[in-house]
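K.L.:
Pasting a structure here, questions to come.
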Amino acid sequence: MSRLNLDDYQIGAVLGVGTVGTIYAATEKATGNPVAIKRLHPSVSRDPLIGARFRREMMILQRLRHPNVIGYYGGGEDSDGNLFYIMELVEGGSFRDLLASNGALSWQVVVSAASQICSALQCAHNHGIIHRDLKPGNLFLTRNGTIKLGDFGIARDVSASDLTAEGLTVGTHAYMAPEQITGDASISGKADLYALGCCLYEMLAGQKPYIADTFPQLFEQHLRAEPPRVSRIIPQCPQELDDVIVQLLAKSPDHRPFNAREVQGKMLQIMEKYGLRDQELHPQNESTSKDVSAGQVNDVGRRMLQKQIQARLGGHSRGDVSWSRILAIIAILVIICIGLVLAQS
239 MSRLNLDDYQ IGAVLGVGTV GTIYAATEKA TGNPVAIKRL HPSVSRDPLI GARFRREMMI
299 LQRLRHPNVI GYYGGGEDSD GNLFYIMELV EGGSFRDLLA SNGALSWQVV VSAASQICSA
359 LQCAHNHGII HRDLKPGNLF LTRNGTIKLG DFGIARDVSA SDLTAEGLTV GTHAYMAPEQ
419 ITGDASISGK ADLYALGCCL YEMLAGQKPY IADTFPQLFE QHLRAEPPRV SRIIPQCPQE
479 LDDVIVQLLA KSPDHRPFNA REVQGKMLQI MEKYGLRDQE LHPQNESTSK DVSAGQVNDV
539 GRRMLQKQIQ ARLGGHSRGD VSWSRILAII AILVIICIGL VLAQS
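Residues 239 to 583, numbered by our numbering, are exactly what the sequence shown covers, in order.
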């Protein structure tokens, strides 16, 4: 992996603080390019397991070069021996932030978002990576509506030894598949599909599919309760989308969709049926994935998402300047020039 020097970056504001690390906004001194830095807390840097997980996360991100996965630029150790890595700075917050400020999202936005998320998941699964912590807080957003899957801190690489002891549960309780809860050693990418179902339900309904006062009660619902139908809360949700979410929330991995690409295909069919796409598909030319990645479909749901992101941030994406604004600026400059000429005469 690329070895970088932390002194080459000007560290700025704290973007987030987790149990083992802090994420900072930063600027590369030589180029002025904005980046983000994830740095282990000094208090846990000497923990062998945490250090191993952090290095595993860096290696995973280095392998997953995809438009819907957070970009990785390299990592290293600071002068005190604390691990860090440099990654893409994503300025639009996360779906957790968007849900907190906007509440439930329209089904058009959710269908479009699901297609992007599936693209990221299929890429990860093609490389033998199971995320194990898919949730709205780990789905980051650019200003133009591109979704970036991040935080692979507890991801499993099926080609390497697992860093989690057998029988131990890892993940976020509200989004954990039954096989994660029971610590099944044969966990597969279908655990991520279950979490995707939880995320899509929450985006549509404005609440998690299962709610309980205690973790045991919550786990019991994930293990045995009938998958809820979002159409009972959102009647306008298309039947096809409702059915996919129920299938994603199936208790048995065998009853869930075959893979993320199948789910993405169903999302694209919904977009076609309800007239949400207005451009032809151009499949990604990549040997490991033949799905549709971000930026290749100009769809209604994504434009709606982009507007919501920019409204929440109170600004425009870089380069998003209307012609009317440009003409207004030119008119002002012309008036100023005329005024100067008249003053001199």
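Here a beta-carbon is modelled for each residue, glycine too, at the ideal position from N, C-alpha and C.
No experiment lies behind these values; they were computed from the predicted model shown.
#1: Pairing CB atoms from the segment 421 to 433 with CB atoms from the segment 332 to 351, are three or more of them under 8 Å?
#2: Does any CB atom of chain C fall closer than 8 Å to the CB of residue 314?
#3: Our contact map puts residue 274 next to residue 290 with C-beta atoms below 8 Å; I'd like the distance itself, whole angstroms only.
#4: Count the other CB atoms within 10 Å of the CB of residue 506; is the residue buried (16 or more) or exposed (fewer)?
#5: Could you check what DSSP says for residue 442 in three-state terms: helix, strand or coil?
#6: For a quick check, are the C-beta atoms of residue 280 and residue 246 less than 8 Å apart?
#7: Going straight from the alpha carbon of residue 397 to that of residue 366, what length do you get?
#8: Going straight from the alpha carbon of residue 462 to that of residue 489, what length do you get?
#9: Taking the C-alpha atoms as reference points, what is the distance between residue 307 and residue 369?
#10: Restricting to Cα atoms, I'd like to know which of 294, 270, 322 is closest to residue 261.
#11: What span of residues does the beta strand (DSSP E) with residue 252 cover, start to end?
#12: Within the chosen definition, does the segment 376 to 383 reach the segment 494 to 511 through at least 3 CB pairs nearer than 8 Å?
#13: Starting from residue 551, trace the beta strand (DSSP E) both ways and give me its first and last residue.
#14: Going along the chain, which residues of its own chain have a beta-carbon closer than 6 Å to the beta-carbon of residue 557, five neighbours each way excluded?
#15: Rounded C-beta distance between residue 385 and residue 355? I'm assuming under 8 Å.
P.N.:
With the structure as the only source:
#1: no
#2: In the structure shown, chain C cannot be found, because there is only a single protein chain.
#3: To locate residue 274, count along the sequence shown from 1; it is residue 36. To locate residue 290, count along the sequence shown from 1; it is residue 52. The Cβ separation is near 22 Å, so there is no contact.
#4: Mapped onto the sequence shown, residue 506 falls at position 268. With 16 or more Cβ atoms within 10 Å of its Cβ, residue 506 is classed as buried.
#5: In the sequence shown, the residue the question calls residue 442 occupies position 204. Reduced to three states, the DSSP call for residue 442 is helix.
#6: The count along the sequence shown starts at 1 and reaches residue 280 at position 42. The count along the sequence shown starts at 1 and reaches residue 246 at position 8. No; because the gap between Cβ atoms is not below 8 Å, this pair is not in contact.
#7: Here residue 397 corresponds to residue number 159 of the sequence shown, with the count starting at 1. Here residue 366 corresponds to residue number 128 of the sequence shown, with the count starting at 1. Each residue's Cα considered, the two are about 7 Å apart.
#8: Position 224 of the sequence shown, counting from 1, holds the residue named residue 462. Position 251 of the sequence shown, counting from 1, holds the residue named residue 489. C-alpha separation (whole angstroms): 7 Å.
#9: By 1-based counting over the sequence shown, the position of residue 307 is 69. By 1-based counting over the sequence shown, the position of residue 369 is 131. Spanning the two alpha carbons is a distance of roughly 11 Å.
#10: Along the sequence shown, read from residue 1 onward, the residue named residue 261 stands at position 23. When only C-alpha atoms are compared, the closest one is 322.
#11: Position 14 of the sequence shown, counted from the start, is the residue given in the question as residue 252. Its beta strand (DSSP E) spans residues 247 to 255.
#12: no
#13: In the sequence shown, residue 551 corresponds to position 313, counting from 1. Counting along the chain, residue 551 falls outside any beta strand (DSSP E), though it belongs to the alpha helix (DSSP H) covering 538 to 551.
#14: Taking the sequence shown and counting its residues from 1, the one referred to as residue 557 is at position 319. Interpretation of residue 557 is limited by its pLDDT of 40, a score under 50 that renders its predicted location unreliable; the figure taken from the coordinates is listed afterwards. Nothing meets the Cβ criterion.
#15: By 1-based counting over the sequence shown, the position of residue 385 is 147. By 1-based counting over the sequence shown, the position of residue 355 is 117. Their Cβ separation, rounded to whole angstroms, is 6 Å, which keeps residue 385 and residue 355 in contact under 8 Å.
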